[in-house]
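Have a look at the structure below before the remarks.
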Amino acid sequence: MKALLLLLFIYLCYLLFKSRKKSSGKKFDLSEDIKKTADDIMVFDPCCKIYYPRKSCIAFKNKDEILYFCCKECKNKFLEDRKKGDFK
Ligand SMILES: [Zn+2]
82 MKALLLLLFI
92 YLCYLLFKSR
102 KKSSGKKFDL
112 SEDIKKTADD
122 IMVFDPCCKI
132 YYPRKSCIAF
142 KNKDEILYFC
152 CKECKNKFLE
162 DRKKGDFK
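Per my numbering, the very first residue in the sequence shown carries number 82; after that it's consecutive.
In structure tokens form, the structure reads like this:
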């Protein structure tokens, strides 16, 4: 009797897994979900000094750090100011 319940449980898990895969319709739904979550991270704009959702930010890679800006103007301004020595 126990084995039967176990089988039923496995079958239900299988159904759940199957329906999940079907509903997404995408091959890499899990990684896509992670990507979505990561895109919702708030990042700091060092020019405006405010936090912005990363998905609407402009990323700028600089050596070993990645900077995020709310707009192109911010990025240019920050880089110019840094050249002058206003920023570290
Ligand atoms: Zn900005």
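Every residue, glycine too, gets a C-beta built ideally from N, C-alpha and C.
Report task. May I have all residues whose beta carbon comes closer than 5 Å to any heavy atom of ligand 1, sorted in chain order? Result -> Close to ligand 1, as judged by a C-beta nearer than 5 Å to any of its heavy atoms, are the residues Asp-126, Cys-128, Cys-129, Cys-151, Cys-155, in chain order.
Report task. Under 8 Å Cβ to Cβ from Cys-138, same chain only, skipping five residues before and after it: list those, please. Result -> Taking the sequence shown and counting its residues from 1, one reaches residue 138 at position 57. Only Val-124, Asp-126, Tyr-149, Phe-150, Cys-151 meet the Cβ criterion.
Query raised in the report: For Lys-130, which of helix, strand or coil comes out of DSSP?
Result: For the purposes of this step, residue 130 is taken as residue 49 along the sequence shown, with counting starting at 1. DSSP places Lys-130 in coil when its eight states are reduced to three.
Query - Cys-94 classed as buried or exposed, judged by whether at least 16 other C-beta atoms fall within 10 angstroms - result: The residue labelled residue 94 in the question sits at position 13 within the sequence shown. Counting Cβ neighbours within 10 Å, Cys-94 comes out exposed, since fewer than 16 surround it.
Query - Element boundaries [alpha helix (DSSP H), containing Lys-142] - result: For the purposes of this step, residue 142 is taken as the residue at position 61 of the sequence shown. Here Lys-142 belongs to no alpha helix (DSSP H); instead the beta strand (DSSP E) covers 139-143.
Query - Residue environment, Asp-156, which counts as buried when at least 16 other CB atoms sit within 10 Å - result: Along the sequence shown, read from residue 1 onward, the residue named residue 156 stands at position 75. In the sequence as presented, Asp is not what sits at residue 156; that position holds Lys. So Lys-156 ends up on the buried side.
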